[in-house]
Amino acid sequence: MKKQKMKLLSCILMGIGSIIGASVFATTPIAIKIIGGNGIVVGFICAALFVFLRSIPEMLMVAALPANGGSYMYLTRLVHPLLGTWDAFNELAVGVLKIATMALTFSTYFCMLVPACPEAVAAIGCILLFTVISWFGIKFSSTVQNVCVVVLLIALAVYVIGGWGATVVTFGEVVSSTIELAPLWAAMGIMHGSLIGANVLYYSAEEIEDPGKNVPIAYLVSTLATAVIYALMAYVTVGVMPNFYEIDNLATVAEKFLNPTLLVFFVAGGALLAVVTSINSAMMMFSRINFAAARDGLFPKLISKLNEHGAPGFSLWLNSIIAILLVVSGFDLEDVVKITTIPGLFLLPIIFFSVFMMPKKFPNAYKNSYIKTPHVLNCIITTIAGVACVVIGWYVIGEMKPHNWIAMIVYYVVAISYTIIRRNYVKKTEGYDIFQQMKEPYQPWFEMEEKAKAALEAAKKA
């Protein structure tokens, strides 16, 4: 069976679809109120630059050593198996949380159009639909994503083009106005979250043509393109309603210049498709992490099996079933966000440590990478990105309540207990240590190292 691969254009559209979620419809009014109408356009561009800076360490890793599973693979092979195990459990929680949260967001918008449909039914139906789509492999999944993203972009264009002529403040006045630094930084903290998402490509690198080149390019293009789209939408929003403190949501603004038909299209094609494109990419991303961990034996081997379409089918269903259980149970998803965000933010700088390890373990692959910035500069950027994650992590700690701490501790105690039991079980039944297996060299990386060595030697002779 020939392995399915995504091309560059599909990668860019996958990145855009993953980034543009329903959060932009909520965060834009909030950010406008923080920074003021005169700074929102610059704010989105600055937020995009911050997101890209924060993601440079990941791009350095995938450009040199692409692998499905992303952070899990880099932690287990380049740092330590225990940290990879921690990452696997954190991503398992984050993955099902993200899918459940977006499915519930989808149901909110869907039930506005179909009031008779219960929200839980709509959410579960959405999860099942995209699980089936992902089951048919990355090629089919990316085709669906491409179509959805095109319709989504048309819906956003309707908002921008339709509202541009209704603005009462010029674009030049908005961009050239004085901006206060403190509100800009606060707004960027809100806005940068709505620009994260293209790292889905980082976790599915082996299913992309020439990933060392295409993933960084697609990441940069999709992030900056989305920032420009957001900036234009933000200008229309404050241009149509200069008294921005009255803005509650973008649909309220759209009502002022779109006819009823176009307004429905903006809500359905914009808000709904913004959610489903993010769900589609989340299915792809988190199933690959579970797949990589199961391949090493941390999770049951069944989860590491590929179906006839080359997709990790059982891994997909694992995420989907847990997400459905969260939807049905009515679990407080905000609490889940808090108990998984802190470990993730503190893990990220450790993942970034892989950048320092690559020149020692895979010097030729690192040197021959598509991104050829000096190692010293890479280390400086990686350090800055790591410090930023820790600072944000301390901020999130301040939002934690006692029951959040208890839930987080219980979750990781269960994860540790499971890992101990699983490790002993695999030793007895299959005769190997899963931690030792995690340390085993990943063969494709050694093949890349040899090819890079040959390419560098040929370049010297030329």
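Convert by adding 567 to the 1-based position in the sequence shown; the result is the number in this note's numbering. Heads up, the beta-carbon is just placed ideally off N, CA and C, and yes, glycines get one too. Just so it is clear, the structure is predicted and the values come from calculations on it, not from any experiment.
Check                                                                                                          : Outcome
Where E658 falls: helix, strand or coil (DSSP)                                                                 : helix
Beta-carbon spacing of S921, M628 below 8 Å                                                                    : yes
Short Cβ contact (8 Å threshold) for L840 with L695                                                            : no
Helix, strand or coil at M568 [DSSP, three-state]                                                              : For M568, the predicted model reports a pLDDT of 48, less than 50, meaning its position is unreliable and no value from the coordinates is stated.
Which of helix, strand or coil DSSP assigns to S936                                                            : coil
7 Å Cβ shell around F707 - same chain, five flanking residues per side excluded                                : I700
Cα-Cα separation, K574 to P685                                                                                 : 38 Å
Beta-ladder partner(s) of I517, from DSSP                                                                      : In the structure as shown, the chain starts at 568 and stops at 1029, and residue 517 therefore has no counterpart that could be examined.
Short Cβ contact (8 Å threshold) for L865 with T996                                                            : no
Any 3 or more C-beta pairs closer than 8 Å across the region 608–615 and the region 931–946                    : no
Spatially closest choice to S771 from R855, P1011, V981, by CA coordinates                                     : R855
When A1025, L680, I666 are compared against N935, the one with the closest alpha-carbon                        : A1025
Opposing strand residues paired with N1037 [DSSP bridges]                                                      : Outside the shown range of the chain (568 to 1029) lies residue 1037, about which nothing can therefore be said.
Residues near M568 in its chain [Cβ-Cβ closer than 8 Å; skip 5 each side]                                      : Per-residue confidence for M568 stands at a pLDDT of 48, beneath the threshold of 50, marking its modelled position as unreliable; the derived number appears in the next sentence. These residues qualify, in order along the chain: E875, G877.
Given 8 Å, three or more beta-carbon pairs between the region 650–668 and the region 922–930                   : no
Integer Cβ distance of M640 from Y1009, believed to fall under 8 Å                                             : 7 Å
Those runs of the alpha helix (DSSP H) which lie wholly inside the region 668–711 and span at least 4 residues : 686–702
N886 (DSSP reduced to helix, strand or coil)                                                                   : helix
Run of the alpha helix (DSSP H) containing M640, from where it starts to where it stops                        : 638–641
Separation of C578 from I1050, as counted between CA atoms                                                     : Outside the displayed range of the chain (568 to 1029) lies residue 1050, so it cannot be described from this structure.
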